[in-house]
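Numbering (this note's numbering), first residue to last: 2 to 235.
Presented below is the structure to which this report refers.
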């Protein structure tokens, strides 16, 4: 089977684009093995170096995997490969961060219900450890923020949906620094607010211990409303 190569890009980019298109339209499926470099070179009527460059580019983008001694295969996409394409924290305005936080609220309120039904004993132990770290480091902004993020990450894991976990990680990272900054301010000016945050986390934990999805969702909603107020209404 011959392939027609358009003359608009570098040769290896053209080849990579054709292979990717064939995956998109279903001519090649995830898990399929590609022809050898020599056979692809014949099919495309190009040199083997161009094929190798195209395969390297596709591998770098996670589209194929090259297995030593076995050949080249189309990768199967997993939930971990899917995330919201959110750039670095520094590129966001406050309005952007508010919109990202809104997405986080929607995700966490869905996750907490499943977490209440699916959490394991080990995950409850991990949540208790994270709570303890938050309490011990109440006036240490960096340590308490890290424990806070860990607490929410364990809940996401307990929901047992890797796709949602990946999406939550995408929306959590851009506001992590702002959460730490807010905790830093509170550590010198409002210890009562910090204690309130700890109590809210404890309420979420207790609801998860009792596998009460309704109470867990209510506790999470209350907590996220508090955090939103601290982040954006100061």
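Beta carbons: idealized from backbone N, C-alpha and C, even for Gly.
Residue 120 - DSSP class collapsed to helix/strand/coil: For residue 120, the three-state secondary structure derived from DSSP is coil.
Supposed close pair residue 160, residue 119 - CB separation, criterion 8 Å: About 6 Å separates the beta carbons of residue 160 and residue 119, which is inside the 8 Å limit, making them a contact pair.
Any alpha helix (DSSP H) of 4 or more consecutive residues that is wholly inside the stretch 7-79: Counting only runs of 4 or more, we get 12-25, 38-45, 49-61.
Within 8 Å, strictly: CB atoms of residue 199 and residue 139: Cβ distance < 8 Å, so residue 199 and residue 139 count as in contact.
Residues near residue 39 by beta carbon distance below 8 Å, same chain, minus five either side: Correct list, in chain order: 49.
Cβ distance (whole Å) where residue 113 is taken to contact residue 75 below 8 Å: The pair is not a contact, with the Cβ atoms about 36 Å apart (cut-off 8 Å).
DSSP state of residue 101 mapped onto helix, strand, coil: Of the three classes helix, strand and coil, the one that applies to residue 101 here is helix, per DSSP.
Beta-carbon gap between residue 190 and residue 105 smaller than 8 Å: With respect to the 8 Å criterion, residue 190 and residue 105 are not classified as neighbours on the basis of their beta carbons.
Length of the line joining the Cα atoms of residue 77 and residue 47: Cα atoms of residue 77 and residue 47: separation of roughly 28 Å, rounded to the nearest angstrom.
Residues near residue 166 in its chain [Cβ-Cβ closer than 7 Å; skip 5 each side]: 157, 158, listed in sequence order.
Contact under 8 Å by Cβ, residue 128 with residue 183: No. Outside cutoff.
Closest by C-alpha distance to residue 178, when choosing among 111, 27, 64, 95: Looking from the CA of residue 178, the closest CA among 111, 27, 64, 95 belongs to 95.
C-beta contact flag for residue 176 and residue 102 at 8 Å: Taking the C-beta atoms as reference points, residue 102 is found nearer than 8 Å to residue 176.
Pair within 8 Å by beta-carbon distance, residue 131 and residue 213: The criterion of a C-beta distance shorter than 8 Å is not satisfied by residue 131 and residue 213.
Backbone secondary structure at residue 229 - three-state DSSP: It is helical.
Environment of residue 51 [buried if 16+ CB atoms lie within 10 Å]: Residue 51 should be labelled buried.
Minimum C-alpha distance to residue 69 - residue among 194, 229, 34: Taking only the C-alpha atoms, the option nearest residue 69 is 34.
Under the three-state DSSP convention, the category residue 90 falls into: Only weak support exists for where residue 90 lies, its pLDDT of 49 falling under 50; the value from the coordinates is given anyway. Residue 90: helix per DSSP, three-state reduction.
Candidates 43, 36, 170, 93, of which the one nearest residue 67 by Cα: Distances from the alpha-carbon of residue 67 to those of 43, 36, 170, 93 put 36 closest.
Sub-8 Å separation of residue 181 and residue 155 beta-carbons: Residue 181 places its beta carbon 8 Å or farther from that of residue 155.
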